[in-house]
Amino acid sequence: MAAISVENLTKVFNGLRAVDGISFEVKEGELFGLLGPNGAGKTTTLNMLATLIRPTSGKAFVSGFDVWKEKNKVRKSIGMVFQEPALDNYLTGRENLEFHGMMYGLSRREAKERVKEALKIVELEEFADKLVETYSGGMKRRLEIARALVHQPKILFLDEPTLGLDAQTRRRIWDYIKKLNKERGVTIILTTHYMEEADFLAQRVAIIDYGKIVALDDPENLKNLLGGDVISVEVDNPRNAKKVFEELPWVKKLNHENGIFYLQVEKGEEKIPLLIKIDDKKAGFKIKSINLRKPTLEDVFLHFTGRTIREREASQAERFKERARIHRR
Amino acid sequence: MEINLTAIYILWLREMKRFFRSWSRMVSMLMMPLFFLIFLGFGFKGAFFPGVGYTKDYIHFLVPGVIGMTLISTSIMAGLSVLWDREFGFLKEIMVAPVTRVSIVIGRIVGGMTTSLIQAILILIISIGMGFTFYNFSSFLLTVLIMILISSGFIGLGLIFASIMRDIQGFGLITQMIIMPLMFLSGAIFPLTNLPRLLRYVSYLDPLTYGVEGLRRALVGFSFLPFWLDFLVLVSFSAFSIILGSYLFEKSEV
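Heads up: the protein sequence lines correspond to chains A and B, in order.
Note that the numbering used here has the first sequence beginning at -10, numbered continuously upward.
Note that the numbering used here has the second sequence beginning at 231, numbered continuously upward.
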């Protein structure tokens, strides 16, 4: 049985299709990523799966429970870490976690034990009895991950788990997430707009844009879809270079812009020596620089949507502001 | 509808911990009723004006009013505190927990009521220090009952406002536009019989009027309105606002 299965799930806010008929499945024990720009519908999807908001239409099952009809069962089987901190700042870290445990039906003693264990996983034992008010952003996020583990859910929802954290803290959180998935077999579904996060963590990635899934596969396959690596070559005589490059049998696609050629090739690192061997005099041009780039999920996003994720974010932010303005009137 | 007692207890405990940890908040909440109690209480000591004469002196007239004031402001704020939880994200954590919304509402009301009553009783103790005496000590239980009715009613009202406002922008507005007028209209600090007829009619629409009257009857044995009326209005107001407040809260999405 799939841990999560989603069929034609849709959410309409004020006439805007925030999530537009998406379908996917997450296998048990899988680390699944929803990748897309802000406003693409990732958080809305997660909130619908967590029964926090009601879908407009479509079906979704979490741990086999219907998000329409079996809200409490769904809630009991998931742990959730929200995009923004959802902690009580005037309680200590330990109190936040113990309260959580008891809300999920643990006895006081059980809660205390599990909290201790959860705090150990995220290495916060030392600060457990300090008010959350005094925590840094990274500590808060770690505490929230620990909290989501207290009731030992089979499925963990992480909404932008490293948003706004520095590189070092991010790395550490990635490690916890991987460890949870690997050692405890927790099924994890995470949303992110960081390409490298999806690439590093997720076993399968769904790329989501304007509320729709535009691609879904494991990150390697997605990148391979683009036809391999890109070598950019800067030359002094583009006209002559073009003739030569066009005749290279291993170049799958050739683009050219401002004296720089973009060669789409497979195994780019093996093709660089071949480029260097080209005889300057015979070919009639000199190579000024060579650069090899492996495709990233950013390129995949560009390929499927025609824009980079950052451009998309800017335009989507605009769109939402516009909506909000219309709505407020 | 299932009610989770543990969840109610947890939410109540959270309220207690927060309350006893932030003395500054409590002091600032009690400041206004204390000012009224001390400055009006001493300032008009021995003064006579019509309507007050039925009670021993002005301070005996004032104390039930100031307690009513304390209850209305602390209770509305307790209901509105949902907005703070929403602002700081904690509401999501509560909403995603496997407990019914009704339990969450009850937990909130019980927690808010406890803190509100603690503050009202503190004011009562301070006024005893200022020379206030009970008309009949056994009436203390009746006083607490009325305090509970006032408090639950206004927490419900706070919940209603919290659902309508959705963010903390209008927080100050509530204090200015709701709490202050309701307080002055309730006859907490002067006898309503001195008001022009029109204003007096308006004051009958203010649920706190019946609260203050009920408190006055229980504490000093005097009121303008019959006690059964006070009690009836308070029970209906409390039931109405709690039911509507819970309904709106339950409907709201994070």
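In this text, a Cβ means the ideal position worked out from N, Cα and C, and glycines have one as well.
What you are looking at is a predicted structure, and each value in this text was computed from that prediction instead of being measured.
Does A75/A come within less than 7 Å of chain B when only Cβ atoms are used?
Walking along the first sequence from the start, residue 75/A turns up at place 86. Yes, A75/A counts as interfacial toward chain B.
Segments assigned alpha helix (DSSP H), at least 4 residues, entirely inside the segment 105 to 145 of chain A
Counting only runs of 4 or more, we get 126 to 139.
Residue environment, G388/B, which counts as buried when at least 16 other CB atoms sit within 10 Å:
Within the second sequence, residue 388/B is the residue found at index 158, counting from 1. It counts as buried.
When the Cα atoms are used, what is the spatial distance from T33/A to I385/B?
Within the first sequence, residue 33/A is the residue found at index 44, counting from 1. Within the second sequence, residue 385/B is the residue found at index 155, counting from 1. As the crow flies, the alpha-carbon of T33/A is around 31 Å from that of I385/B.
H245/A - containing beta strand (DSSP E), residue span:
Taking the first residue of the first sequence as 1, we reach residue 245/A at position 256. Looking at the DSSP string, the run of the beta strand (DSSP E) that includes H245/A is 242 to 246.
Contacts around K241/A, its chain only, beta-carbon distance under 6 Å, and the 5 residues preceding and following it disregarded:
Reading the first sequence from its first residue, position 252 is the one you call residue 241/A. These residues qualify, in order along the chain: G216, Q253.
Just curious, the beta strand (DSSP E) that N(-3)/A is in, first and last residue?
Start at 1 with the first residue of the first sequence, and residue -3/A comes out as number 8. -7 to 2 is the extent of the beta strand (DSSP E) around N(-3)/A.
Three-state secondary structure (DSSP) at V332/B?
Along the second sequence, one-based indexing puts residue 332/B at 102. Note: V332/B maps to helix in three-state DSSP.
Whole angstroms is fine: what's the gap from E302/A's alpha carbon to R83/A's?
Here the question's residue 302/A lines up with position 313 in the first sequence. Here the question's residue 83/A lines up with position 94 in the first sequence. Looking at the two C-alpha atoms, the distance is approximately 37 Å.
For V1/A, the nearest candidate out of V(-5)/A, L35/A, I(-7)/A, S46/A (CA to CA):
Here residue 1/A is taken as the residue at index 12 of the first sequence, counted from 1. Cα-wise, what sits closest to V1/A is S46/A.
Using a Cβ cut-off of 7 Å (strictly closer), state whether L95/A contacts chain B.
Indexing the first sequence from 1 puts residue 95/A at position 106. No, because no Cβ of chain B sits closer than 7 Å to the Cβ of L95/A.
Anyone know if the C-beta pair for R331/B and E480/B falls short of 7 Å?
As a first step, residue 331/B must be located in the second sequence, where it is residue number 101. As a first step, residue 480/B must be located in the second sequence, where it is residue number 250. Closer than 7 Å, so yes.
Considering only residues of the same chain and omitting the five flanking positions on each side of L20/A, which have a CB-CB separation below 7 Å?
Reading the first sequence from its first residue, position 31 is the one you call residue 20/A. The residues are N170, I177, L190, A191, Q192.
Quick check: what's the CA-CA separation for V194/A versus P208/A?
Counting from one through the first sequence, the residue named residue 194/A turns up at place 205. Counting from one through the first sequence, the residue named residue 208/A turns up at place 219. When rounded, the distance between both Cα atoms is 6 Å.
Would you tell me roughly how many angstroms separate the C-alpha atoms of I67/A and P74/A, rounded to the nearest one?
Locating residue 67/A in the first sequence gives position 78, where the first residue counts as 1. Locating residue 74/A in the first sequence gives position 85, where the first residue counts as 1. So the two alpha carbons sit approximately 17 Å from each other.
Out of D288/A, E300/A, I(-7)/A, K260/A, state which residue places its alpha-carbon closest to the alpha-carbon of K143/A.
By 1-based counting over the first sequence, the position of residue 143/A is 154. The candidate whose alpha carbon is nearest that of K143/A is I(-7)/A.
Would you report the Cα separation of M246/B and T345/B, rounded to the nearest angstrom?
Residue 246/B sits at position 16 when you count from the first residue of the second sequence. Residue 345/B sits at position 115 when you count from the first residue of the second sequence. Roughly 7 Å between the two C-alpha positions.
Go to L324/A, then tell me how far its beta strand (DSSP E) extends in each direction, as first and last residue.
Because residue 324/A is not part of the residues shown, which for chain A are -10 to 318, the question remains open.
Taking any Cβ of chain A, which residues in the segment 404 to 438 of chain B have a Cβ under 8 Å from it, in chain order?
none
Do R159/A and T151/A count as a contact pair if the criterion is CB distance below 7 Å?
For the purposes of this step, residue 151/A is taken as residue 162 along the first sequence, with counting starting at 1. For the purposes of this step, residue 159/A is taken as residue 170 along the first sequence, with counting starting at 1. Taking 7 Å as the Cβ cut-off, T151/A and R159/A qualify as a contacting pair.
State the DSSP-derived secondary structure class of M325/B, mapped to helix, strand or coil.
If you number the second sequence from 1, residue 325/B lands on position 95. Of the three classes helix, strand and coil, the one that applies to M325/B here is helix, per DSSP.
On the DSSP bridge list, what partners appear for T81/A?
For this step, residue 81/A is matched to residue 92 along the first sequence. In the DSSP output, where bridge partners are listed per residue, T81/A has L120/A.
In this structure, how does DSSP classify L214/A when only helix, strand and coil are distinguished?
One-based indexing of the first sequence puts residue 214/A at position 225. Coil, per DSSP.
Are the C-beta of M360/B and some C-beta of chain A separated by less than 7 Å?
Counting from one through the second sequence, the residue named residue 360/B turns up at place 130. No, M360/B does not count as interfacial toward chain A.
If you follow the alpha helix (DSSP H) that L154/A is in, where does it begin and where does it stop?
As a working note, residue 154/A is residue 165 in the first sequence. No alpha helix (DSSP H) contains L154/A, which DSSP labels as neither H nor E.
Which residues in chain A sit within 7 Å of V326/B, going by Cβ to Cβ distance?
Here residue 326/B corresponds to residue number 96 of the second sequence, with the count starting at 1. Going along chain A in sequence order, the residues near V326/B (Cβ under 7 Å) are A39, L41, R64, M69.
Test: F384/B CB closer than 7 Å to a CB of chain A:
Against the second sequence, residue 384/B aligns to sequence position 154. For F384/B, the answer is no, since every Cβ of chain A falls outside 7 Å of its Cβ.
Do G28/A and D198/A have their CB atoms nearer than 7 Å?
Numbered from 1 along the first sequence, position 39 holds the residue referred to as residue 28/A. Numbered from 1 along the first sequence, position 209 holds the residue referred to as residue 198/A. Contact: no.
Using a Cβ cut-off of 7 Å (strictly closer), state whether M128/A contacts chain B.
By one-based count along the first sequence, residue 128/A stands at place 139. M128/A does not count as touching chain B.
Output yes if chain A places a C-beta closer than 7 Å to the C-beta of K322/B; else output no.
Counted from its first residue, the second sequence places residue 322/B at position 92. Interface residue, yes.
Just to confirm, is the Cβ distance from P328/B to N36/A under 7 Å?
Residue mapping note: residue 328/B aligns to position 98 of the second sequence, counting from 1. Residue mapping note: residue 36/A aligns to position 47 of the first sequence, counting from 1. No, the Cβ-Cβ distance between P328/B and N36/A is not below 7 Å.
How should E186/A be labelled, buried or exposed, when 16 other C-beta atoms within 10 angstroms of its C-beta is the threshold for buried?
Counted from its first residue, the first sequence places residue 186/A at position 197. Under this definition E186/A is a buried residue.
For E14/A, three-class secondary structure by DSSP:
Start at 1 with the first residue of the first sequence, and residue 14/A comes out as number 25. Secondary structure of E14/A (DSSP, three-state): strand.
For G319/B, would you say it is in contact with chain A, using Cβ-to-Cβ distances shorter than 7 Å as the test?
Counting from 1 along the second sequence, the entry for residue 319/B is found at position 89. Taking Cβ atoms only, chain A reaches closer than 7 Å to G319/B, which makes this a yes.
Nearest-angstrom beta carbon gap, R136/A and L86/A [assumed within contact, 8 Å]
Here residue 86/A corresponds to residue number 97 of the first sequence, with the count starting at 1. Here residue 136/A corresponds to residue number 147 of the first sequence, with the count starting at 1. About 5 Å separates the two Cβ atoms, so the contact holds.
Does DSSP put D148/A in a helix, in a strand, or in coil?
To locate residue 148/A, count along the first sequence from 1; it is residue 159. Residue state, collapsed to three classes: strand.
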